[in-house]
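*Asks:* Structure provided below as structure tokens; questions to follow.
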Amino acid sequence: MAMTLGGNPEAFSLLVARYDRAVYHLAYRTLHDVEEAKDATQEAFFKAYRSLRTFKTGAKFSTWIFSIVYHACCDRLNRRKRYSNEELPDRADPGAGPEREAIALDEARRLRAAIDALPEKYRTVITLYHLQSMQYEEIAEVLGLPMGTVKTHLFRAKEQLRKLLGVQGVAE
Amino acid sequence: MKYDSDDALDRALFALPLEEPPADLRASILSTTVYRPAPLFKPWELVLLGAIVAVMVWLVVLIAMGGSTLFAASLEKAGSTLVGLLSNVATLAWIAAGGATAIWLSIFTDFQSLSKDAVTRGR
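Each protein sequence line maps, in turn, to chains A and B.
Counting in the numbering used here, the first sequence runs from 144 upward without gaps.
Counting in the numbering used here, the second sequence runs from 4 upward without gaps.
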């Protein structure tokens with residue numbers, strides 16, 4: 144990061160190589176759309192590159208870029224809400240609903256389907272915490288939420304996840 | 004499989020691999036950031052160009068409206084104003100103070116970037 148701030152463009156490409164997959168993952172889990180997730184990821188890195196001067200020394204690049212991509216995703220979700228009457232979960236990939244498909248899928252896909260079925264706020268928290276091994280403080284910083292709210296969301300997300308997986312387990 | 008305990012659910016979640024991004028994602032990010040072609044003009048160059056164009060337009064309008072008389076009169080007035088300003092001791096003092104401040108700031112900025120380089124190299 145210090146090299147990037149020092150004006151070394153190659154250093155930024157190293158940051159892209161290190162974080163592009165995780166950033167895309169967060170975008171995809173939030174938006175449920177490959178093209179939109181790709182655009183949001185690209186937009187986030189572009190914004191980060193353009194605002195490198197505002198990066199606080201000592202801060203973590205991962206937290207910063209996750210925060211940027213999360214806000215980009217929120218903007219896209221708001222735009223969707225404005226232009227569509229559909230409920231957000233209906234935007235999920237067709238056929239990816241846990242009720243219909245997960246039974247026949249392997250464990251990982253079943254879990255993914257269950258995560259996809261969570262409400263957006265819980266899905267993001269669980270994605271940030273579990274899939275990217277993040278700390279509560281960092282999640283709170285990325286999402287701009289108090290730590291207590293993050294903990295509550297995580298608790299409820301797990302609760303719903305267990306419920307969803309339990310239902311599927313019964314169906315199996 | 005059921006996830007009755009928190010640990011079992013945590014283990015399963017941590018074991019989930021990240022989503023596979025589209026193949027061209029990294030290339031498209033790099034092409035919009037690091038490898039983006041530099042703009043044709045820098046902002047200060049655009050400002051300078053704009054100012055030059057504005058002065059040229061002003062001159063053309065002057066000539067078109069009043070012929071060479073108005074143009075000459077305007078030029079003479081601008082010249083006398085400039086001479087008047089430069090012969091004023093207070094104005095010259097302010098220009099000197101501004102120049103000195105600019106030089107001092109540029110030295111200070113260079114010093115800052117040099118120290119930042121030293122810290123970067125140290126790491």
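Ideal placement from N, C-alpha and C gives every residue a C-beta, glycine not left out.
(1) On the criterion of 16 or more Cβ atoms from any shown chain inside 10 Å, does L33/B qualify as buried, or is it exposed?
(2) Which of the residues in the stretch 13–39 of chain B, read from start to end, lie with their CB under 9 Å from any CB of chain A?
(3) How about I211/A and K190/A: do their beta carbons lie closer than 8 Å?
(4) Once you ignore the five residues that flank M290/A on each side, which residues in its own chain have a CB closer than 6 Å to its CB?
(5) Taking Cβ positions only, does S156/A come closer than 8 Å to chain B?
(6) Counting C-beta neighbours from all protein chains within 10 Å, is the total for F209/A 16 or more, i.e. buried, or is it exposed?
(7) What three-state label does DSSP hand G102/B in the structure shown?
(8) According to DSSP, simplified to helix, strand and coil, what is Q303/A?
(9) Measure how close the beta-carbons of R252/A and I258/A come, nearest whole angstrom, since I'm counting them as under 8 Å.
(10) Using beta-carbon positions only, say whether S205/A and Y162/A come within less than 8 Å of one another.
(11) Below 8 Å on C-beta distance, what does D9/B contact in chain A?
(12) Straight-line CA distance for R164/A to R29/B?
(13) Quick one: list the residues of chain B neighbouring H214/A, beta-carbon separation under 7 Å, in chain order.
*Replies:* Taking the coordinates as given:
(1) Position 30 of the second sequence holds residue 33/B. L33/B sits buried, since 16 or more C-beta atoms from the chains shown fall within 10 Å of its C-beta.
(2) So the list reads D13, A15, L16, F17, A18, L19, P20, L21, E22, E23, P24, P25, D27, L28, R29, S31, I32, L33, T35, T36, V37, Y38, R39, given in the order they occur along the chain.
(3) Looking up residue 211/A in the first sequence gives position 68. Looking up residue 190/A in the first sequence gives position 47. In contact: I211/A and K190/A (Cβ atoms closer than 8 Å).
(4) As a first step, residue 290/A must be located in the first sequence, where it is residue number 147. Taken in chain order, the residues that qualify are Y279, A283.
(5) By 1-based counting over the first sequence, the position of residue 156/A is 13. At least one CB atom of chain B sits nearer than 8 Å to the CB of S156/A.
(6) The residue you call residue 209/A lines up with position 66 of the first sequence. Residue burial annotation: F209/A is buried, with at least 16 other C-beta atoms found within 10 angstroms of its C-beta.
(7) Here the question's residue 102/B lines up with position 99 in the second sequence. DSSP, reduced to helix, strand and coil, places G102/B within a helical segment of the structure shown.
(8) Here residue 303/A refers to the residue found at position 160 of the first sequence. Helix, per DSSP.
(9) Within the first sequence, the letter at position 109 stands for residue 252/A. Within the first sequence, the letter at position 115 stands for residue 258/A. In this structure R252/A is not in contact with I258/A, their Cβ atoms being roughly 11 Å apart against a cut-off of 8 Å.
(10) Numbered from its first residue, the first sequence carries residue 205/A at position 62. Numbered from its first residue, the first sequence carries residue 162/A at position 19. In contact: S205/A and Y162/A (Cβ atoms closer than 8 Å).
(11) Taking the first residue of the second sequence as position 1, residue 9/B is located at position 6. At a beta-carbon threshold of 8 Å, the residues of chain A lying near D9/B are K301, ordered along the chain.
(12) Here the question's residue 164/A lines up with position 21 in the first sequence. Here the question's residue 29/B lines up with position 26 in the second sequence. Cα-Cα distance, rounded: 9 Å.
(13) Numbered from its first residue, the first sequence carries residue 214/A at position 71. Contacts between H214/A and chain B, judged by CB atoms closer than 7 Å, are missing: the closest CB pair is about 17 Å apart.
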